[in-house]
Amino acid sequence: MRCLSSSVSRTAIACALAFAPAPVLAASFTVPTGSTNTTVQTLTGTQTGAVSVGGTLSTTASSVTLGIATGTGVVLNNAGTISSGNRAVDTTSTVTGLLTVNNGGAITATDDGFRINGTLAGGTLLLSNSGTIVSSTGQALDFDKATATNAIVTITNSGSIQSSGSDAVRLGGGTISLSNSGTISTTSAGKRAIKFDTASNVDTLVSLSLTNGIGGLISGTDDAIKIAGNAGSTSAAVIAINNAGTIRSTAGGQGIDLGDLTSTSLKITITNQSTGLITASDNDGVKAGMNTVVSNYGTITSNYTTTSADAQNYSAVKFDGASGAVHNYAGGVISGAYHGIKASGLTDNIDVINDAGGTITGRNGSGVNSNGTGSVLNYGIITGSFDPAASFGDGDGVDIDHIGTIVNYGTIQALGSKGTKPGETKPSTSEGIAIGGGSITNGSATVRTALISGANNGILADDSNSGSIYGALTVTNYGTIQGLNGYGIQVVNNAGFATTITNYGTISGTTYAVAMGNGNDLFVYEAGSSVNGAVKGEGGTDTLRLGEVAGTFNLSLLGDSATYQGFEILDLAIGSGWTVTGSSSFSGATNVTGASLTLNNASLAASVVTVGGSNAVLAGTGTIGSLVANSGATISPGLTASGLGTLSVNGAARFNSGSTYAVTVTNSGASDRIAVSGATTLSTGASVSVQAIAGLYNFRQTYTILTSAGGISGTFGPVSSNFAFLTPSLSYDANTVYLALNRNDTTFASVATTRNGRQAAAAVEAGGPNTALYNAVATGSITASQSAFQLLSGEAQASFGTTAFNQNQMVGDVIDARLRQSNYAGATGAAAGLGAGGPTAYANERAVKAGPFSSAAAPAPAPQAWTGWVQGYGQWNHLSGNGNASTLDSTVGGVLAGLDTSVNNWTLGFAAGYGWSNSSVANLGSQVNSDTAQFAFYAGTAFGALKLRAGATLAYSNVDSNRVVVVGSLTERPTASYDGWSGGFFGEAGYALPVGPVAFEPFAQLAWSGVNMGSFAETGAPVTGLSSSGLSFDTWYTTLGLRAAGAVSFAGYNIVPHASVGWRHAYGDVTPALAVTYLNTGTGFTVQGLPIAEDSAVLGAGLDLALGKGFTVGVSYDGAFASSSQSNAVRGTVGFTF
């Protein structure tokens, strides 16, 4: 249409109308179903716009413009179609307040589907899309200008957000939350699904939470997600990307690109869940920003599709000019067409954790690669390989060019390499680990399956270009390190740093197992470890150390043509103990510092051996080059403390102040010896310690303990030994040191610790040096002699007197109990119970028929009735040692049977039985056992409440004893058999006091007991055996106490509980003493046993049960308790009357 301004006409009016803007309504609106509205709409304040299902709002301008919202805000609900030849939804530049947009229909636009045209300062956008938002030339969502730090943008998408002409979504600043379970994508070449397009926006970004849920797709032809940034940014934004769906770049971009984010204040996390896939074609899967932490449970990959294998360098996770961390969890897969994980910058640092069940793979490079520094903690599998389609591939398991820390409990493997890296001349090799220095730990004491394996080298330490390492390297191996076509471990070191390798496992290589480099290096050989291939010390001063775990090392493995070659020092870990076998041509220094080295017929004939420091020992039999014994050193020929040996020294020997020569001697005249081919220098500050093997020694014996062909200068200082009664002394000639043993002034008795020991010791010494017993004791140590004197005393024979006393007393108590029953045979009520506890009881016909708990009365006894009884008894005694005699445990038991009758108010009776006893002194290995025939006569009467009782006992015993005596190397087992008599009598008075249902009897007893055993002479022990005229021992004692009893009837039976308490006091000599004589020497002494307690508390308790007329059973307990002893007795009773 042509519009002419020269005239006003209908044409001009029509032209004006044609170019006038569409009508704009600033009010709430609704587009009903089936209708089309072409009017541009504006919503402000609290206005609401709605497009119903089947309704259409379509304009050539911005169909809906959102302005300043107030209160509950502006709401736009679309269930139909909003379309525009420009932008479908837009805002004013001053937009603020709460904006809510809910789209379940279609929003389509030629330009932006939805734009925020202002900073959204103080504003909030809530966008929920379950439909489609589409742009053909612009962004589906363009929020790039919403940069206010207090802006809030929340996007929830379960539908489709797409652009075919630009990025699908652009974001600004403030606080942003985007949750996607639908599709966000662009099909425009070189465009992103989600992008922060303006680099400065990240500086106004407070936080970004981007969640791609299960089934969600974020897809870009360039990056799927891109956040731009400036190099000088100081952003402290918190960025969290959480993916459970798919994030992908289809052509040349990264799945996630945060590479522009360099601010050290950023906090960035990328979490890829088990269902998540982050992938890129022809680029990196993830390009991380500064401080990014990647947590992967799913799959992160990079691939090449349009580029060639040689042109691609795409890693699954890449850091470039940034540092961060990657944690690959169980089930996680990180697989890169180039490296699995890559840090490109020389100052980059990456920290990688790969859990068990996790895999990290570089398909034409390293599993983990850092041009800077880094750490790796691996429990899973990390693999480097090469791509057969490429002309070059450098497949290392882990490659950290500078300093790194690697701890491996799983597998780190390099499967191969190919070709030569562009710019280099050396063909690429494949290493399990390539590193520039730091530390590597493979496995642990409990994880021995850890593997580091390289198609070429297991571990290569250099500057990544065959030059010297950047720092010292420490390798600790518990598992396996293998180089399948090269070195197990190779260190390229131009003497600048020290390398330490500790091997508990296996290291193997086809060239060398280990090449240490040119530093002052240390290789630690641990017990049970192995190497396949040589370990080469190379340049510098290198040390082979035998490790902290005791073991055996074959010296034939050490030498310039042996397994361990090029070492200048052999030493031991402080505190360790090693035995060496075999022979070595090793000519370096052997240092034994604070450790123990034993030669088992071994040879270090060309090595100077220096020994010193706390607890340093050189022992065994073999040959060394020269010997230097410094302070703290002990030189002890012989393989064991009691074994003899000769230590040969090819050169000179020197014993400096503070060193010790520990020499072992025997009674046959043999001894350890040091044989020196050169000269020997002795210091008076050096000592000799003599260890004598047990035996009978000739006091005039002389031993040759050191010879020196080159002469001896100086003398040893102090000389000591383990003899208590022999003093060693040294003498010298020009080439020999001699040792002699002479009796000293120490008396035998002075070292004994008890009275019995001193008595025994004095008797041994009185026998004189011409007796075997004297000689056996004289060559013992103080400790051994103290024990020997206790064993020699034979004290168990004396302590048996206490056991016999207890047995006599036990028989007397049985008889006393029977007399008490007789005393109370005619009593009624509770008083009848005072007779309980003995071998007979009573039966009351009326009581048997009475009700429960009725009191009982015994029937009047018939004149001259006879009573028969049987009683068993047992007693357990424990007497603690008293500082002289040792602890005694004994048991006493037996059975007595008696018969008595009543004559004129008197009970007269007789009893006989069998008893046995066992006495044990456990710590002296002694036992005394007896079998005894027992007899007793007794009588008792009563004068009303006053009761009188008396009895006499007699016993004949057969006794057997056995014991063990150890004196030095002499062990004998003396035994004896003898017999003897024992007996006693007692008299007792008691007074009955019935008090209601209980009756009491205070009592007093006077008793005497005596033991008179026969003579004996022990057999089986010609040196240590004893003889004696026998033990004779007796004592008086009194007992004051109170008895109590009751009587109840239960279930038709009479039950009589009874108890007693008392104080017993012994008079006169309460300690049994036995005069004995040594069979070997004829000298005698007196030995004491454990005494009878002078004062003790005696307690008793029991129950008697009447089963029928004239028939009773009972059980009772009696105990005696003193400060150092206790006795416990149990008696069982069966009684009948006829």
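Using the working numbering, read the sequence shown as starting at -14 and increasing by one per residue. Every residue, glycine too, gets a C-beta built ideally from N, C-alpha and C.
Between the C-alpha atoms of Ala677 and Thr787, what's the straight-line distance to the nearest angstrom? Near 40 Å, if we compare the C-alpha coordinates of Thr787 and Ala677.
Where does the unbroken alpha helix (DSSP H) through Phe774 begin, and where does it stop? Segment 767 to 777, the alpha helix (DSSP H) holding Phe774.
Roughly how many whole angstroms lie between the Cα atoms of Gly1185 and Ser599? Absent from the model: residue 1185. The displayed extent of the chain is -14 to 1123, so no value can be given.
For Asn479 and His387, the rounded distance between their alpha carbons: Answer to the nearest angstrom: the Cα atoms are 16 Å apart.
Cα separation between Gly56 and Asn228? So the two alpha carbons sit approximately 35 Å from each other.
If you pair each beta-carbon of the stretch 926 to 945 with each one of the stretch 748 to 761, do three or more pairs fall below 8 Å? By the criterion of at least three beta-carbon pairs nearer than 8 Å, the stretch 926 to 945 is not in contact with the stretch 748 to 761.
Nearest to Leu584 by CA position, among Gly536, Phe988, Gly544, is which residue? Nearest option by C-alpha distance: Gly536.
Neighbour-count burial assignment, Ala1114, 16 or more Cβ in a 10 Å radius: It counts as buried.
Residue ranges of each beta strand (DSSP E) within the stretch 328 to 372, 3 or longer: Taking only runs of at least 3 residues, the beta strand (DSSP E) segments lying wholly in the stretch 328 to 372 are 334 to 339, 344 to 347, 353 to 355, 358 to 363, 366 to 369.
With a threshold of 6 Å on Cβ separation, who are the neighbours of Thr256 within its own chain once the five nearest residues in sequence on each side are excluded? Once the five neighbours on either side are set aside, the close Cβ partners of Thr256 are Asn227, Ser280.
Cβ atoms of Val675 and Leu603: under 8 Å apart, would you say? For the pair Leu603 and Val675, the CB atoms are not nearer than the 8 Å cut-off.
For Gly369, the nearest candidate out of Gly389, Arg348, Thr358 (CA to CA): When each option's Cα is compared against that of Gly369, the closest is Arg348.
Alpha helix (DSSP H) segment containing Gly797, residue limits: Where Gly797 is concerned, the enclosing alpha helix (DSSP H) stretches over 780 to 808.
Note the first and the last residue of the continuous beta strand (DSSP E) segment covering Leu582. Here the beta strand (DSSP E) through Leu582 covers 581 to 597.
Does the count of Cβ pairs from the stretch 103 to 111 and the stretch 72 to 86 closer than 8 Å reach three? A contact between stretches requires three or more CB pairs, one per stretch, nearer than 8 Å, and the stretch 103 to 111 meets this requirement with the stretch 72 to 86.
Local Cβ density within 10 Å of Thr732, reported as buried at 16 or more and exposed below that: Thr732 is exposed by the Cβ-count criterion.
If you check the beta carbons only, do Gly330 and Gly306 fall under 8 Å apart? Using a Cβ distance threshold of 8 Å, Gly330 and Gly306 count as a contacting pair.
Check whether the stretch 756 to 776 and the stretch 847 to 861 touch, using three or more Cβ-Cβ pairs below 8 Å as the test. By the criterion of at least three beta-carbon pairs nearer than 8 Å, the stretch 756 to 776 is not in contact with the stretch 847 to 861.
Check whether Leu589 and Ile620 have beta carbons under 8 Å apart: Not a contact, by the Cβ cut-off of 8 Å.
Hey, Ala984 and Ala1091: beta-carbon distance below 8 Å or not? Remark: C-beta atoms of Ala984 and Ala1091 do not approach each other more closely than 8 Å.
How about Ile224 and Lys272: are their beta carbons less than 8 Å apart? Ile224 places its beta carbon 8 Å or farther from that of Lys272.
With distances taken from CA atoms, which of Asn808, Asp208, Gly699, Val25 is nearest Asn1199? Outside the shown range of the chain (-14 to 1123) lies residue 1199, about which nothing can therefore be said.
State the CB to CB distance for the pair Asp340 and Tyr364, rounded to an integer number of angstroms; the pair is presumed to be in contact (CB under 8 Å). Between Tyr364 and Asp340 the Cβ distance is about 5 Å, and since that is below 8 Å, they are a contact.
Does the structure place the stretch 990 to 1009 close enough to the stretch 962 to 974 that three or more beta carbon pairs sit under 8 Å? Enough Cβ pairs lie closer than 8 Å, so yes.
Look up Asn652 in the DSSP assignment and say whether it is helix, strand or coil. Secondary structure of Asn652 (DSSP, three-state): coil.
Enumerate in chain order the residues of its own chain whose CB-to-CB distance from Leu555 is below 6 Å, with the five nearest sequence positions on each side excluded. Its chain contains Leu529, Thr575 as the residues whose beta carbon lies nearer than 6 Å to that of Leu555, once the 5 sequence neighbours on both sides are disregarded; these appear in chain order.
Let's see if you can read the secondary structure: which residues bound the beta strand (DSSP E) around Glu957? Per DSSP, Glu957 is one residue of the beta strand (DSSP E) stretching across 955 to 957.
Three-state class that DSSP yields for Ser915 in the structure shown: In the structure shown, Ser915 sits in a strand (DSSP, three-state: E or B).
Evaluate Thr85 with the Cβ neighbour count: other Cβ atoms within 10 Å of its Cβ, from every protein chain shown; 16 or more gives buried, anything less gives exposed. The residue is buried, with at least 16 neighbouring Cβ atoms inside 10 Å.
Classify Leu931: buried if its beta carbon has 16 or more other beta carbons within 10 angstroms, exposed otherwise. Flag for Leu931 reads exposed.
With DSSP collapsed to three states, give me the class of Asn1126. Shown here, the chain extends from -14 to 1123; a query on residue 1126 therefore has no answer.
For a quick check, are the C-beta atoms of Thr465 and Thr485 less than 8 Å apart? One thing to note: Thr465 has its Cβ no nearer than 8 Å to the Cβ of Thr485.
Taking the CB atoms as reference points, tell me whether Lys403 and Ser451 lie closer together than 8 Å. No, they are not a contact pair.
Take Thr405 as the anchor and find which of Asn427, Phe371, Gly428, Gly423 has the nearest alpha-carbon. Of Asn427, Phe371, Gly428, Gly423, the residue nearest in Cα terms is Phe371.
Top-ranked residue by Cα proximity to Ala512, from Ile800, Arg958, Thr491: Answer by Cα proximity: Thr491.
DSSP beta-bridge partners of Arg1116: Paired residue(s): Tyr858, Ser1101.
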